[in-house]
Amino acid sequence: MRRMRRAGSGGFGLGLGVITIALILINAVVFFGVQGQDTAKVYDSEWSADCISHKLCDGYIVEGYCCPNEACEITGGWVECDSTNCEKISEGTGSECTYTETDGFGLIPIKAFERPWTFITSMFMHVGVEHLMGNMIFLFFLGSILERVVGARNFLIIYFFSGLCAGMLVLFAPELGLMGYYDVVMGASGAIFGVVGALVVLRPMQTIYLQFFMPMPMIVFGLLYIGFELYMMMTVGDVGIAHSAHFGGAVGGLIIGAYFRMNKKYIQPG
Numbered sequence: 003m004r005r006m007r008r009a010g011s012g013g014f015g016l017g018l019g020v021i022t023i024a025l026i027l028i029n030a031v032v033f034f035g036v037q038g039q040d041t042a043k044v045y046d047s048e049w050s051a052d053c054i055s056h057k058l059c060d061g062y063i064v065e066g067y068c069c070p071n072e073a074c075e076i077t078g079g080w081v082e083c084d085s086t087n088c089e090k091i092s093e094g095t096g097s098e099c100t101y102t103e104t105d106g107f108g109l110i111p112i113k114a115f116e117r118p119w120t121f122i123t124s125m126f127m128h129v130g131v132e133h134l135m136g137n138m139i140f141l142f143f144l145g146s147i148l149e150r151v152v153g154a155r156n157f158l159i160i161y162f163f164s165g166l167c168a169g170m171l172v173l174f175a176p177e178l179g180l181m182g183y184y185d186v187v188m189g190a191s192g193a194i195f196g197v198v199g200a201l202v203v204l205r206p207m208q209t210i211y212l213q214f215f216m217p218m219p220m221i222v223f224g225l226l227y228i229g230f231e232l233y234m235m236m237t238v239g240d241v242g243i244a245h246s247a248h249f250g251g252a253v254g255g256l257i258i259g260a261y262f263r264m265n266k267k268y269i270q271p272g
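The opening residue of the sequence shown carries number 3 in my numbering; numbering runs sequentially from there.
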């Protein structure tokens with residue numbers, strides 16, 4: 003009978019996994035080779051038009067002006083507004099409504115079911131070098147451990163399942179007031195938090211070095227990070243960082259990790 007080893011050798015471990023390295027390379031190629039080369043700004047596109055209507059104006063848009071709700075009346079299906087309280091919308095000048103072509107492959111909550119491929123493509127895109135590097139460092143160390151535990155194929159299953167769980171929670175985030183319906187979400191962190199969640203279940207006593215210098219069991223390390231994301235999601239929402247995606251990915255990792263733990267045939271020996 004095969005048994006799960008309850009504790010690893012300590013540290014992050016450097017038994018590099020083929021799939022882990024492949025995922026890192028794909029993320030790097032997408033960022034530097036695709037996103038980094040896409041400098042043409044797109045303004046008059048479908049999602050940009052949505053952004054104008056829903057991010058730059060909380061009221062009514064009348065002939066290029068944004069009018070607050072209290073300045074308008076609806077009569078017979080027509081909207082009449084007091085123009086003295088309206089402001090001109092200057093198209094093409096709002097950076098929050100200017101995108102590159104590749105931003106269309108990010109996950110936009112209200113457009114997700116029209117563009118289902120963005121559940122996957124958004125997992126390989128990042129908003130900047132720091133975002134990419136932070137995610138890839140965690141994937142390098144934690145992914146290597148998990149891939150050794152469950153094998154390459156099962157590691158991929160956990161990774162993508164967690165990423166999809168992250169995306170599904172993002173869909174509900176606007177309803178919870180955590181983000182806007184037209185916000186663009188991208189990054190591998192949802193899937194990586196799934197790796198954390200799976201390791202909490204599969205290797206709870208694995209020694210991990212918090213920020214690379216403070217040793218602690220994986221279960222403490224993981225629950226600290228997951229608890230922090232839940233706290234941030236409930237208190238500040240998804241302002242700048244999609245905490246809901248992180249938490250959703252972690253929950254997905256906990257669930258599928260529990261499944262693999264109950265079916266020990268999926269766990270690598272030793």
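Note that beta-carbon positions come from the ideal geometry of N, C-alpha and C, so glycine has one too.
Keep in mind that this is a model prediction, so the values were computed, not measured.
Exercise for review: Rounded to whole angstroms, what's the CA-CA distance from L27 to F262? Just pull it up for me.
Suggested key: 27 Å
Review point. Going by DSSP, which residues form a beta bridge with Y261?
Key: None, per the DSSP bridge assignment.
Check your understanding: If you scan the region 119 to 143 from start to end, which runs of the alpha helix (DSSP H) of 4 or more residues do you find wholly inside it?
Key -> As far as the region 119 to 143 is concerned, its whole alpha helix (DSSP H) runs of at least 4 residues are 120 to 123.
Check your understanding: Going straight from the alpha carbon of W119 to that of I160, what length do you get?
Key -> 18 Å
Review point. Beta carbon of P111, beta carbon of A24: below 8 Å?
Key: It is not a contact, given that the beta carbons lie outside the stated cut-off.
Practice item. For the alpha helix (DSSP H) holding H220, just list the boundary residues, first then last. Key: Just to set this straight, residue 220 is Met in the shown sequence, not His. Unbroken alpha helix (DSSP H) run through M220: 220 to 237.
Review point. Can you round the beta-carbon distance between E197 and L148 to whole angstroms, since I take them to be within the 8 Å contact cut?
Key: Reading off the sequence shown, one finds Val at residue 197, where the question assumed Glu. Sure, about 5 Å apart at Cβ, within 8 Å.
Point to revise | M170, DSSP secondary structure in three states | key: helix
Exercise for review: Could you pull out every residue in the same chain whose Cβ sits closer than 8 Å to the Cβ of M234, ignoring the five residues on either side in sequence?
Suggested key: Residues of the same chain with a CB within less than 8 Å of the CB of M234, apart from the 5 flanking positions on each side, are I243, H245 in chain order.
Exercise for review: State the DSSP-derived secondary structure class of V187, mapped to helix, strand or coil.
Suggested key: strand
Check your understanding: Among residues of its own chain, excluding the 5 on either side of N87, which ones have a beta-carbon nearer than 7 Å to its beta-carbon?
Key -> C69, P70, A73
Point to revise | Whole-angstrom distance between P217 and F126, CA atom to CA atom | key: 30 Å
Point to revise | Three-state secondary structure (DSSP) of P176 | key: P176 carries a coil assignment under DSSP once its states are collapsed to helix, strand and coil.
Review point. Taking C-alpha atoms, which residue in G165, F230, V203, A200 lies nearest to A247?
Key: G165
Check your understanding: Would DSSP call I210 helix, strand or coil?
Key -> strand
Point to revise | Cα-Cα separation, E132 to S85 | key: 44 Å
Practice item. May I have the straight-line CA-CA distance separating V202 from V36, to the nearest angstrom? Key: 34 Å
Point to revise | Alpha-carbon spacing of G19 relative to N29, whole angstroms | key: 16 Å
Check your understanding: What's the gap between the Cα of V186 and the Cα of V129?
Key -> 10 Å
**Study point:** Other residues of its chain near G224: CB distance less than 7 Å, five sequence neighbours each side excluded
**Key:** V198, G199, L201, V202
Check your understanding: Is the distance from the Cβ of I194 to the Cβ of P206 below 8 Å?
Key -> no
Check your understanding: alpha helix (DSSP H) containing L25: first to last residue?
Key -> 20 to 31
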